[in-house]
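>
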Amino acid sequence: MDAAAISDIARKLIDAQDRATTIPPIAAAAPGFDVDTAYDVLLEIETRRVAQGWRPVGRKIGFTNRTIWPRYGVYQPMGARVWSHTVHHAASGHAPSSRSAWP
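Each residue of the sequence shown is one higher than the last, beginning at -13 in this note's numbering.
Right, here's the structure in full:
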């Protein structure tokens, strides 16, 4: 997949996250979209988020449960950064959250 397509996918994903909305699966609309391409998109997203002032504070590893791999069409664990903008620390072990903030 070329750089323009990767950039466009990154833009769409950032926009969806920023607007708290869903979009159709990327793989359905992008022939040849695979794990390596997904990590290329992730690198583009990380570059843009850092430029926006986001700060990485950790990593999230997903799909560590092999029994669900066939259901989602993945066959390895996948990782991504966790950002200061998306982590909320629990004061005294309590983290209240209002559902009204969710779409």
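C-beta atoms are modelled at their ideal positions from N, C-alpha and C, and glycine is treated no differently.
Just so we're clear, the structure is a prediction, and the values are computed from it rather than from any experiment.
Starting from the Cα of TRP69, find the closest Cα among GLY39, ALA6, ASP(-12), PRO17 and give me that residue.
Sequence index remark: in the sequence shown, residue 69 carries index 83 (1-based). Residue GLY39 is the option with its Cα nearest to TRP69.
> According to DSSP, PRO42 sits in a beta bridge with which residue or residues?
Taking the sequence shown and counting its residues from 1, one reaches residue 42 at position 56. For PRO42, which the question treats as bridged, DSSP gives the partners TRP69.
> If you run the structure through DSSP and keep just helix, strand and coil, what is ALA77?
As a working note, residue 77 is residue 91 in the sequence shown. Strand at ALA77.
> Report the option in ARG35, HIS75, ALA24 whose CA atom is closest to the CA atom of GLN3.
By one-based count along the sequence shown, residue 3 stands at place 17. It is ARG35 whose Cα lies nearest to the Cα of GLN3.
> Tell me the rounded alpha-carbon separation between HIS80 and VAL43.
Within the sequence shown, residue 80 is the residue found at index 94, counting from 1. Within the sequence shown, residue 43 is the residue found at index 57, counting from 1. Their backbone Cα atoms lie some 20 Å apart in a straight line.
> According to DSSP, simplified to helix, strand and coil, what is ILE54?
Walking along the sequence shown from the start, residue 54 turns up at place 68. Helix at ILE54.
> For ILE(-5), collect the residues of the same chain with a Cβ closer than 7 Å to its Cβ; drop the 5 residues on either side in sequence, then sort them by chain order.
Position 9 of the sequence shown, counting from 1, holds the residue named residue -5. Correct list, in chain order: ILE12, ALA16, VAL27.
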